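Take a look at the structure below.
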Amino acid sequence: MSFDLMLIAASLPKIATGVLLTLKLLALSLLFGTALGIGGALMRISGSRWLAWPAFAYSYVFRGTPLLVQLFVIYYGLSQFEGLRASFLWSILREPFWCAVIALSLNAGAYSAEILRAAIRGVDQGLHEAGRALGMSPPQRFLHVTAPIAVRLALPAYGNEAIGLLKGTALVSMIAMNDITGVARTIVAKTFAPYEIFIAAAIVYLSLTWVIQHAVRVAERHFNRYIKK
Amino acid sequence: MAISEHSEPVIVLEGVTKFYGAFQALKGCSMVVDKGQKIVLCGPSGSGKSTLIRCINRLEEHDGGRIVVAGTELTRNMTNIAAVQSEVGMVFQQFNLFPHLTVLENLMLAPRLVRKLPRPQAREIAMHYLARVRIPEQAAKFPIQLSGGQQQRVAIARALCMKPQIMLFDEPTSALDPEMIKEVLDVMTDLAREGMTMLVVTHEMGFARSIADSVMFMDAGEIVEQAPPEEFFGAARNARTRQFLQQILTH
């Protein structure tokens, strides 16, 4: 078996053309996923069964099924609905890009909801009491006491989630999108050199992961400043 | 308890009961605290002392009887609970300082949010009370950087910044190393001398002797005995009180 280091080097710039799409997908789905996660977590801890149950079902379904299946269901499945095709939403939903964003966001939201819920629960009950004893309202306590501490508690798991999501974006190549993996597959089809090309793709993913890890570490250092002696 | 003609009750409890499931934590507790009075509550663990004072600022809801704090009766459907809570300062055994805020920010938070004070004014009040608890130089630090005694003094200052009419202390020195107890009790003694109405759950009997107007003994959810300290320590009438005093005073 031959192994061509030069081919890896030569294909890296081409594969890098998929980085922009991968990053777009990652950024949008992290954004929407976080919003969904905050909503889901708040519903879970609301104390109302009518809010908690749908949020639980949402997390259960999207954590309990493969992302690829979700992507296919959204991409191929939604077009089955006549009404949807006729509606204004169709201009968005027929785009593979937005289908991918929706699938990734829903998936990220399901995980984020669980991470945030656990983090909120992890905030010392005594601090709630201190806030109550000072006459702070529930929204004030949440905003000024619970949330900032929960963010710190959630950060390590959230960093993992972001890295998981980065790798999840690779699945969009299955719906004909030219993200990093999509570009790599195209090159493989031309060069018949899967080994070198996918290693090149892996190198690109690893460097993106490094960036995320570093960003999370910087954020952790900021948030942990008050727990260091 | 010596209630003078001019006394002005700020806390009134009448037959207060509290259940946790089938367990009755308070079995009809009644007491009156006048403005400026200092009451020390003692008793074995599980006797209901903490529950009692936590009902007074409604961290716990009582199930029966009446509680009137600063002229407002605490009821299930009250809307102004925060207004009452901000009149009652509370100091916890575990300090419960906000770990993500500096000492100064800990003190400024509630005055800003609840009293709607502008920052400069909240800061001025915060620095005033930090000086009163003798740690103005720690203002910029995070709570974790302070000793236990310093943290508890910050917690006292934080409660005082709301300018409460009443201060509740729930075993304020129980989580402290012995060498730090005095600095906290000194601050509390200052506060007592200045005329603050105080309700203190503690086993610091020296403190009770020197500042309390009245010492209460609780056991099994009941206020068993209440007397001025010299009488309480010298000639407790109740057998359970005498037994408790023997236990904590002998070591």
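Here the protein sequences line up with chains P and D, keeping their order. If you read the first sequence in my numbering, its first letter stands for residue 1, the second for the next number, and so on. If you read the second sequence in my numbering, its first letter stands for residue 1001, the second for the next number, and so on. We treat Cβ as the ideally placed atom computed from N, Cα and C, and that holds for glycine. Note that the coordinates shown come from a computational prediction; the quantities given were computed from them, not determined experimentally.
Notebook entry, point to check: So which residues on chain P does F1244 (chain D) lean against when the C-beta distance must stay under 7 Å?
Noted result: The premise fails here: F1244 (chain D) is roughly 27 Å from chain P at the closest Cβ pair, so nothing lies under 7 Å.
Notebook entry, point to check: So, is the C-beta of A110 (chain P) closer than 8 Å to a C-beta in chain B?
Noted result: Absent from the structure is chain B; the protein chains it does hold are P and D.
Next item on the list: Taking only beta-carbon positions, decide if A184 (chain P) is within less than 8 Å of chain D.
Entry: Not closer than 8 Å to any Cβ of chain D, the Cβ of A184 (chain P) fails to qualify, so no.
Note to self: With the cut-off set at 8 Å, would you say A110 (chain P) and L30 (chain P) are in Cβ contact?
What the structure shows: Going by C-beta atoms, A110 (chain P) is not nearer than 8 Å to L30 (chain P).
Notebook entry, point to check: With a Cβ-Cβ cutoff of 8 Å, do A184 (chain P) and I8 (chain P) count as a contact?
Noted result: No. Outside cutoff.
Item checked: Contacts that G126 (chain P) makes with chain D (C-beta to C-beta distance below 7 Å) -> The answer, in chain order, is F1092, Q1094, N1096.
Next item on the list: State the start and end residues of the unbroken beta strand (DSSP E) segment that holds Q1217 (chain D).
Entry: Per the sequence presented here, residue 1217 (chain D) reads as Phe, with Gln not at that position. Residues 1214–1219.
Next item on the list: Using a Cβ cut-off of 8 Å (strictly closer), state whether P96 (chain P) contacts chain D.
Entry: So no, P96 (chain P) is outside the interface.
Next item on the list: Measure how close the beta-carbons of L93 (chain P) and L84 (chain P) come, nearest whole angstrom, since I'm counting them as under 8 Å.
Entry: So it is a contact: roughly 7 Å between Cβ atoms.
Next item on the list: State the Cα-Cα distance for the pair A1070 (chain D) and L116 (chain P), rounded to the nearest angstrom.
Entry: CA-CA distance, A1070 (chain D) to L116 (chain P), rounds to 39 Å.
Next item on the list: Could you run through the segment 1094–1120 of chain D and flag, in chain order, every residue whose CB is less than 7 Å away from some CB of chain P?
Entry: Cβ contacts with chain P: Q1094, N1096, F1098, P1099, H1100, L1109, A1110, L1113, V1114.
Note to self: Can you confirm whether N1077 (chain D), when its beta carbon is compared against all beta carbons of chain P, has any partner nearer than 8 Å?
What the structure shows: For N1077 (chain D), no Cβ of chain P is located within less than 8 Å of the residue's own Cβ.
Next item on the list: Can you grab the Cα-Cα spacing for the pair R1134 (chain D) / V145 (chain P), in whole Å?
Entry: Answer to the nearest angstrom: the Cα atoms are 26 Å apart.
Checklist line | Whole-Å CB distance - T169 (chain P) paired with D179 (chain P), under 8 Å assumed | finding: Confirmed, about 6 Å.
Notebook entry, point to check: Is DSSP giving Q1138 (chain D) helix, strand or coil here?
Noted result: In this structure, Q1138 (chain D) counts as helix in the three-state DSSP scheme.
Check: Near R1240 (chain D), which residues of its chain fall below 7 Å by C-beta distance, leaving aside the five closest residues on each side in sequence?
Finding: Excluding sequence neighbours, R1240 (chain D) sits near D1219, V1224.
Notebook entry, point to check: Is the CB of A9 (chain P) under 8 Å away from at least one CB in chain D?
Noted result: Judged by the 8 Å Cβ criterion, A9 (chain P) is not in contact with chain D.
Notebook entry, point to check: Which residue from P:S11, P:F223, P:K190, P:A55 puts its Cα closest to that of S112 (chain P)?
Noted result: Out of P:S11, P:F223, P:K190, P:A55, P:A55 has the C-alpha closest to the C-alpha of S112 (chain P).
Notebook entry, point to check: Any chance the segment 41–53 of chain P sits against the segment 67–77 of chain P, with 3 or more Cβ pairs inside 8 Å?
Noted result: Judged by Cβ distances under 8 Å, the segment 41–53 of chain P makes no contact with the segment 67–77 of chain P, as fewer than three pairs qualify.
Next item on the list: Pull up the distance between the alpha-carbon of L1113 (chain D) and that of E1087 (chain D), whole angstroms please.
Entry: Going by the C-alpha atoms only, they are around 15 Å apart.
Notebook entry, point to check: Is the beta carbon of Y158 (chain P) less than 8 Å from the beta carbon of P1099 (chain D)?
Noted result: Cβ atoms of Y158 (chain P) and P1099 (chain D): not closer than 8 Å.
Item checked: Complete runs of the alpha helix (DSSP H) confined to the segment 1056–1112 of chain D [at least 4 residues] -> You should have 1081–1085.
Margin query: I need the straight-line Cα distance from T1202 (chain D) to L25 (chain P), nearest angstrom please.
Written below: Rounded to whole angstroms, the gap between the alpha carbons of T1202 (chain D) and L25 (chain P) is 59 Å.
Next item on the list: Taking S1086 (chain D) as the query, report the chain P residues whose CB atoms sit under 8 Å from its CB, ordered along the chain.
Entry: Near S1086 (chain D) (Cβ distances below 8 Å), the residues of chain P are L134, G135.
Notebook entry, point to check: Would a check of beta-carbon distances place E129 (chain P) closer than 8 Å to chain D?
Noted result: Output row for E129 (chain P): interface = yes.
Checklist line | K1038 (chain D), buried or exposed, once every other Cβ within 10 Å from all chains shown has been counted against 16 | finding: By the neighbour-count rule (16 or more Cβ atoms within 10 Å), K1038 (chain D) is buried.
Next item on the list: Can you check DSSP and say which residues form a bridge with V1042 (chain D)?
Entry: The question names Val, but residue 1042 (chain D) is Cys in the sequence shown. Looking at the DSSP assignment, C1042 (chain D) forms a beta bridge with D:F1217.
Check: Whose C-alpha, out of D:C1042, D:L1052, D:A1025, D:L1013, is nearest the C-alpha of Q1247 (chain D)?
Finding: Measuring from the Cα of Q1247 (chain D), the nearest candidate turns out to be D:C1042.
Note to self: Quick check: is the beta carbon of M1162 (chain D) nearer than 8 Å to any beta carbon in chain P?
What the structure shows: Judged by the 8 Å Cβ criterion, M1162 (chain D) is in contact with chain P.
Margin query: Looking at chain D, is there any beta carbon in it that lies within less than 8 Å of the beta carbon of Y145 (chain P)?
Written below: The sequence given here has Val at residue 145 (chain P), not Tyr. Cβ-Cβ to chain D under 8 Å: yes for V145 (chain P).
Margin query: Can you pull the chain P neighbours of L1191 (chain D), defined as C-beta to C-beta under 7 Å?
Written below: The contacting residues do not exist; L1191 (chain D) stays about 17 Å from chain P at best.
Check: For a contact meaning CB atoms closer than 9 Å, what does S149 (chain P) contact in chain D?
Finding: The question names Ser, but residue 149 (chain P) in the sequence shown is Ile. F1098, P1099, H1100, listed in chain order.
Next item on the list: Kindly indicate which three-state DSSP category I199 (chain P) falls into: helix, strand or coil?
Entry: DSSP places I199 (chain P) in the helix class (H, G or I) of the three-state scheme.
Notebook entry, point to check: Beta carbon of L127 (chain P), beta carbon of A1110 (chain D): below 8 Å?
Noted result: The answer is no: Cβ separation not under 8 Å.
Note to self: Could you give the first and the last residue of the continuous alpha helix (DSSP H) run that contains D124 (chain P)?
What the structure shows: Careful: D124 (chain P) lies outside any alpha helix (DSSP H) and carries neither H nor E.
Check: Can you tell me whether DSSP reads C1161 (chain D) as helix, strand or coil?
Finding: Correct three-state label for C1161 (chain D): coil.
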